[in-house]
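Enquirer: For reference, the structure I am asking about is given below.
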Amino acid sequence: MHYTFKKILKEVLNYKKKFIIANIIAIIAVIVSTPAPLLMPLLVDEVLLKKPGFLTENIDKILGVQEAYGYILIVLILTLFLRSLFFVLTVLHDYIFSVISKNITYKIRKDMLSQISKISLNEYESFGSGKISSLFLIDVATVETFLGMSISKLIVSILTIIGVAIVLLLINWKLALFILIVNPFVVILSKKFARKVSFYKKNENKAYESFTEALGETLDLFWQIRASNQENNFIKKLFVESENIKKTGIAFSYKSDAALRFSFLLFLSGFEIFRAGAIFTVAYGHLSIGMMLATFSYLWVMMGPVQEILNIQYSYHNAKKALERINKIFEMQKEPLFEHIKNPFKDTNTNMITLKNLSFSYNNKTEVLKNINMKIFKGKKVAIVGASGSGKTTLAQIIVGFYHAKQGDLFVDDINVKNIGLDVLREHIYLVLQNPLLFNETIKFNLTMGKEISEDEIFKALKTAQLEEIIKNLKNGINTEVGKNGIKLSGGQRQRISIARMILAKPNIVIFDESTSALDIQTEENLFEALKDTLKEKTTIIIAHRLSTIKQADFVYMLENGKIVEEGTFENLIEKEGIFLKHIKTKGELNK
Ligand SMILES: Nc1ncnc2c1ncn2[C@@H]1O[C@H](COP(=O)(O)OP(=O)(O)OP(=O)(O)O)[C@@H](O)[C@H]1O
Ligand SMILES: [Mg+2]
């Protein structure tokens, strides 16, 4: 999938009927509007200068001979009617085109969203959520503006210019040629200066962006900044940013004002030159005063569409760049879509996991996991230990299907994950994180994730997770809002919410990634004691630094720089205590 203007044009043609109707309306609107500026000026010649012509003669034929006020009134009504009709037609026309363009951008947004739901996590991380949001907010809007503008205004503008050109040529071809040839130059020149404004605006926007970013970080990390007594430094930085906004703001307002005024001056100068040309033609050529006034009106009518076409061209360049950025989303690597050939999780409450020669890299350069071989038997409790950065979390994330290792294989009950599907893996293997992320919703929502689960079951899970008392003491119980990222709960409470969530999800396999690190040893012990029933005969992987947490394991793997350097039973490894203890707490704890 790739969005190009050609593809977008094809999308437009999906609305063929609407498109054709809108264009017919556009043509009628132009036909209706083109003669309007001609009528009143004609009266100057025919009524004021008493040279009866086309208009009065036709009125005489249809409505009979009139007094001067009669002609004026009739022509006024006719002009107003034509202008109103033009108004109605253009509203209708704009409506149809905005339906088409909004539908197209809606489809672009939808395609982007569905692509995002499929991209690999690794790719998502390297892209960054900020950049993705700006694609949705800024770039799609840019394309939308272009579509809205171009498909609705381009045709009307071109038709209007053609219509006016024909009328001007009929009035006086020499004057018309002069206007038609010089006019584009006037408009382009005045546009050029107007565009300077966007340059200054860009600088001002940049200053704002940089200020917002610095301010956001300062506010987000306010605690951290206070704790390290760095407020003054950070505020100073913000002063500098604010000053930048001031400077760029001043530059923008006076320079842009000047540029806009100058551009308007050029525009008006062109206008005056044309008027002079028209008066000149009256004085030395064949042009009546009425026709001269009509020419004045048509100058206004024509300048607008010429500007419009230039705007469309400008907006086309912006939209092209925006489309290029949007296409980056479609170029992002997708998560491999494995077929659901076999489901080892069905009809059993737990499974075996095997890793064969598995290697993994986030950036295709440095390997974070190297040739990992593991066999985690059904129902066993296995611990993974290792220094910080040794690859434990990465390994856990591969087992739950967040990432897919390009080298080596992952098996569940001897079925390769390629025949199971990463989504199925995620559904049945539960990873309890160290810093679980919570939604800014109630505790209940955070536990059930919107699924229907009885309060009874929820409270049972909360009890096991050692949270029952705490929740009961809250005024709103499980309907308490937890705040953004769960800010209103303590770190240990958040970890336990996440464990309760796991209990309710009833997975076949559970991985704890330092998920009880914030709990005191006593609470942790109570928790695992209470979990015994839930985890009974369930394959469990425990990643921990604390010795007390892994004591319950049947088997221990030790990672170092992405490699398994030791494996064996807990007692086995205790014997080699030298190496083992490097990676877990203190010897004092071991002796307890
Ligand atoms: N999302 C990521 N993108 C790129 N590199 C990453 C990413 N996550 C981890 N790494 C790198 O991979 C290596 C292993 O990280 P990992 O989080 O697996 O270690 P860990 O053993 O869980 O450490 P800790 O005990 O501190 O949690 C580190 O060098 C880290 O910098
Ligand atoms: Mg980790």
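Using this note's numbering, you'd call the opening residue of the sequence shown number 360 and step up by one each time. For every residue, glycine included, the Cβ atom is placed at its ideal position computed from N, Cα and C. Keep in mind the model is a prediction, meaning the values are calculated, not measured.
(1) Cutting at 6 Å between CB atoms, please list the residues of its own chain near F770, excluding the five before and the five after it.
(2) Three-state secondary structure (DSSP) at S720?
(3) List the DSSP bridge partners of M808.
(4) State the Cα-Cα distance for the pair K365 and V502, rounded to the nearest angstrom.
(5) Classify G832 as helix, strand or coil using the three-state DSSP reduction.
(6) With the cut-off set at 8 Å, would you say V665 and I520 are in Cβ contact?
(7) Compute the minimum distance between the beta carbon of T752 and the heavy atoms of ligand 2, and state whether it is under 7 Å.
(8) How would you write the range of the beta strand (DSSP E) that M917 sits in, first residue to last?
(9) For A742, write down the residues that DSSP places opposite it in a beta bridge.
(10) From what residue to what residue does the beta strand (DSSP E) around L769 run?
(11) Would you say the beta carbon of D872 comes nearer than 7 Å to a heavy atom of ligand 2?
(12) If you draw a straight line from the alpha carbon of G947 to that of L918, how long is it in whole angstroms?
(13) Evaluate L578 with the Cβ neighbour count: other Cβ atoms within 10 Å of its Cβ, from every protein chain shown; 16 or more gives buried, anything less gives exposed.
(14) Are the beta-carbon atoms of A637 and F626 separated by less than 8 Å?
(15) Taking the C-alpha atoms as reference points, what is the distance between Y362 and G921?
(16) Select from A385, K410 and M661 the residue whose C-alpha is nearest the C-alpha of V541.
(17) If we count the other Cβ atoms within 10 Å of its Cβ and call it buried at 16 or more, is V741 buried or exposed?
(18) Distance, Cα to Cα, T725 vs S601?
(19) Would you say the beta carbon of Y721 is closer than 7 Å to some non-hydrogen atom of ligand 1?
(20) My parser needs the alpha helix (DSSP H) runs of 4 or more residues fully inside the stretch 614-692; what are they?
(21) Quick check on the DSSP output: the beta strand (DSSP E) that includes E888 runs from which residue to which?
(22) Looking at the unbroken alpha helix (DSSP H) that takes in L407, where does it start and where does it end?
(23) Starting from G487 and walking both ways along the alpha helix (DSSP H), at which residues does that stretch end?
(24) Roughly how many angstroms lie between the CA atoms of F495 and L682, to the nearest whole one?
(25) How big is the Cα-Cα spacing for S488 and S628?
(26) Shorter than 7 Å, the distance from the beta carbon of V727 to the closest heavy atom of ligand 1, or not?
(27) Identify the continuous alpha helix (DSSP H) that holds D579 and give its terminal residues.
(28) What are the uninterrupted segments assigned as alpha helix (DSSP H) that are 4 or more residues long and contained completely in the stretch 370-429, given in chain order?
(29) Distance check for K843 and E884, CA to CA, integer angstroms please.
(30) From the DSSP output, read off the bridge partner residues of Y362.
(31) Label D782 either buried or exposed according to how many other C-beta atoms from any shown protein chain fall within 10 Å of its C-beta, with 16 as the threshold for buried.
(32) For G947, name the three-state secondary structure that DSSP assigns.
(33) How is the beta strand (DSSP E) around I788 delimited, first residue to last?
(34) Any chance the CB of G745 is under 7 Å from a heavy atom of ligand 1?
(35) Is DSSP giving I870 helix, strand or coil here?
(36) Write down the C-beta distance between I858 and V791 rounded to the nearest angstrom, noting that I regard them as a contact closer than 8 Å.
Expert: With the given structure in hand:
(1) T713
(2) strand
(3) In the DSSP output, where bridge partners are listed per residue, M808 has none listed.
(4) 14 Å
(5) A quick correction: the sequence has Asn, not Gly, at residue 832. The answer is coil: DSSP assigns N832 none of H, G, I, E or B.
(6) yes
(7) yes
(8) F914 to E919
(9) I901 and V915
(10) Q766 to V771
(11) yes
(12) Confidence in G947 is poor, its pLDDT being 44 and thus under 50, which makes the residue's placement unreliable; the coordinate value appears in the next sentence. Each residue's Cα considered, the two are about 23 Å apart.
(13) exposed
(14) no
(15) 40 Å
(16) M661
(17) buried
(18) 41 Å
(19) yes
(20) 615-643 and 648-690
(21) Taken as a continuous stretch (DSSP letters only), E888 belongs to no beta strand (DSSP E), being part of the alpha helix (DSSP H) at I880 to L894.
(22) Premise fails: L407 is in no alpha helix (DSSP H) and is neither H nor E.
(23) Looking at the DSSP string, G487 is not in any alpha helix (DSSP H), and its letter there is neither H nor E.
(24) 11 Å
(25) 50 Å
(26) yes
(27) W532 to D579
(28) 375-392, 395-402 and 413-422
(29) 29 Å
(30) Its beta-bridge partners do not exist; DSSP assigns none.
(31) exposed
(32) Low confidence applies to G947: its pLDDT is 44, below 50, so where it sits in the model is not reliable enough to give any reading.
(33) I788 to V791
(34) yes
(35) strand
(36) 6 Å
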